[in-house]
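Asks: To start, I am sharing the structure in question, which I have written as structure tokens.
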Amino acid sequence: MNPGKRYLFAGLTVLLAGCTQPAADSPPSGIEAVYTDFFKEADTDRSGTLEAGEIGASIDRDFAGLDLTHDGVVTIDDIYSKEQAEPPGSTRNPDLSSHLPYDTDSDGRLTAAEHRAHLLKLIGEMDIDGDGLISFTEYRVTRRF
Amino acid sequence: MEKRSTLRAWLATAGTVLVMQLASAASASCIYNRTPDRLDINLSCGWVCSNEWHFSPSETKCRGSTGGLVTVFGGVPTHGTIADEVFIHVDDHGYVIVTPGHDGKPIYDTVCSYRQDHSQRECQALLAPNGGF
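So the protein lines, in turn, are chains A and B.
According to our numbering, the stretch in the first sequence is residues 1 to 145, in order.
According to our numbering, the stretch in the second sequence is residues 1001 to 1133, in order.
Shown next as structure tokens:
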């Protein structure tokens, strides 16, 4: 094979290889991208699986995000922050358990324990093989995306 | 001299704490159902930050933590191509309003997302849960 043909053959091979990349390598888009980013944010060691430490950190971070007043309990005051935009003419919903259905004793105070119990139940449902870890596949199947 | 360096250290610490507080300032987002229908709405703001809500007519619900992706479920499509579910982003401190009617057609609802400054982010049409009846 002369050098010209050899280069042409090599070029075509590279081009063909590029065209036949598996679809999995292409970045996700839309809803899939949003959900994938959620998982990646929690998967701090980039292992592709969420382990106990990462699960615990996610639960703590979520509660900290809910507890705007940093007093260890989520109340209706945490739901409506000063920064929260409210459309003109809107009325506030004062029932905490309506906003956060996991205020299980409906006393208007969501504790870290109630929050953790709710999320552990949710995470338990995600853990299809029961190994205590959440793989991306388990997350994807249970969140249906 | 020593007092001045102590003061500087205090100011630096206070500044750092202030910046950290501002950086970690928690946020929320709210959803307003202004239709006469019951609606199923999901707000996802993280892999464990998810709420599956059942809205009564004219009900409001909010979720602390951050903005995210809102899914509003509508009616079963029997005609046309209007979506039976809408995915719409909501900003931190922003809100989503679902109102009845779209383009003068009562069989649709309008789902709009607004930023914290009340400017409109985006709107989508949704087939009303009861088909407008």
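Every residue gets a Cβ at the ideal spot worked out from N, C-alpha and C, and that includes glycine.
In whole angstroms, give me the CA-to-CA distance for L1127 of chain B and V34 of chain A.
Replies: Their backbone Cα atoms lie some 24 angstroms apart in a straight line.
Asks: Between the stretch 111-125 of chain A and the stretch 48-67 of chain A, can you find at least three pairs of beta-carbon atoms closer than 8 angstroms?
Replies: Yes, since at least three Cβ pairs between the stretch 48-67 of chain A and the stretch 111-125 of chain A fall closer than 8 angstroms, the two stretches touch.
Asks: Are the C-beta atoms of S1113 of chain B and some chain A residue less than 8 angstroms apart?
Replies: It does not; no Cβ of chain A falls within 8 angstroms.
Asks: Can you list the residues of chain A that F1087 of chain B reaches, using a CB-CB cut of under 7 angstroms?
Replies: In chain order: I31.
Asks: According to DSSP, what are the bridge partners of Q1124 of chain B?
Replies: Beta-bridge pairing links Q1124 of chain B to B:V1111.
Asks: Pick from B:E1059, B:Q1124, B:S1119: whose alpha carbon is nearest that of E1085 of chain B?
Replies: The residue with the shortest Cα to Cα distance from E1085 of chain B is B:Q1124.
Asks: In chain B, which residues lie with their C-beta within 8 angstroms of the C-beta of E86 of chain A?
Replies: Correct list: C1030, Y1095.
Asks: Helix, strand or coil for G18 of chain A per DSSP?
Replies: Since pLDDT at G18 of chain A reaches only 39, below the 50 mark, its modelled position is unreliable, and no value is offered.
Asks: Rank B:H1054, B:C1049, B:V1048, B:R1034 by C-alpha distance to the C-alpha of D1040 of chain B and give the top, closest one.
Replies: Closest by alpha carbon: B:H1054.
Asks: Grab me the residues of V941 of chain B's own chain with a C-beta within less than 6 angstroms of its C-beta, minus the 5 sequence neighbours each way, in chain order.
Replies: Since the first residue of chain B shown is 1001 and the last is 1133, residue 941 of chain B is not available in this structure.
Asks: Could you tell me the distance, in whole angstroms, from the CA atom of I128 of chain A to the CA atom of F136 of chain A?
Replies: In a straight line, the C-alpha of I128 of chain A is about 11 angstroms away from that of F136 of chain A.
Asks: Under 9 angstroms between beta-carbons, which chain B residues line up against S58 of chain A? List them in chain order, please.
Replies: The contacting residues are G1046, W1047, V1048, C1049.
Asks: What are the residues that DSSP puts in a beta bridge with A113 of chain A?
Replies: Answer is none; A113 of chain A lacks a bridge partner.
Asks: Contact between the stretch 98-113 of chain A and the stretch 1048-1065 of chain B is defined here as three or more beta-carbon pairs at a separation below 8 angstroms; is this criterion met?
Replies: Counting Cβ pairs under 8 angstroms, three or more are found: they touch.
Asks: Using a Cβ-Cβ cut-off of 8 angstroms, state whether K1105 of chain B counts as contacting chain A.
Replies: So no, K1105 of chain B is outside the interface.
Asks: For P1089 of chain B, write down the residues that DSSP places opposite it in a beta bridge.
Replies: As written in the sequence, residue 1089 of chain B is His, which differs from the Pro given in the question. Per DSSP, B:L1069.
Asks: How far does the alpha helix (DSSP H) with S58 of chain A in it reach, from first residue to last?
Replies: Note, S58 of chain A: alpha helix (DSSP H), 52-66.
Asks: Could you spell out where the beta strand (DSSP E) holding F39 of chain A opens and where it closes?
Replies: F39 of chain A -> not in any beta strand (DSSP E); alpha helix (DSSP H) instead, spanning 30-42.
Asks: Using the rule of at least 16 other Cβ atoms within 10 Å of the residue's Cβ for burial, across every protein chain shown, is T91 of chain A buried or exposed?
Replies: Looking at its Cβ environment, which holds fewer than 16 other Cβ atoms inside 10 Å, T91 of chain A is exposed.
Asks: Against G1075 of chain B, what residues of chain A qualify as contacts under a CB-to-CB distance less than 8 angstroms, listed in chain order?
Replies: What G1075 of chain B touches in chain A: nothing, since even the nearest Cβ is about 20 angstroms away.
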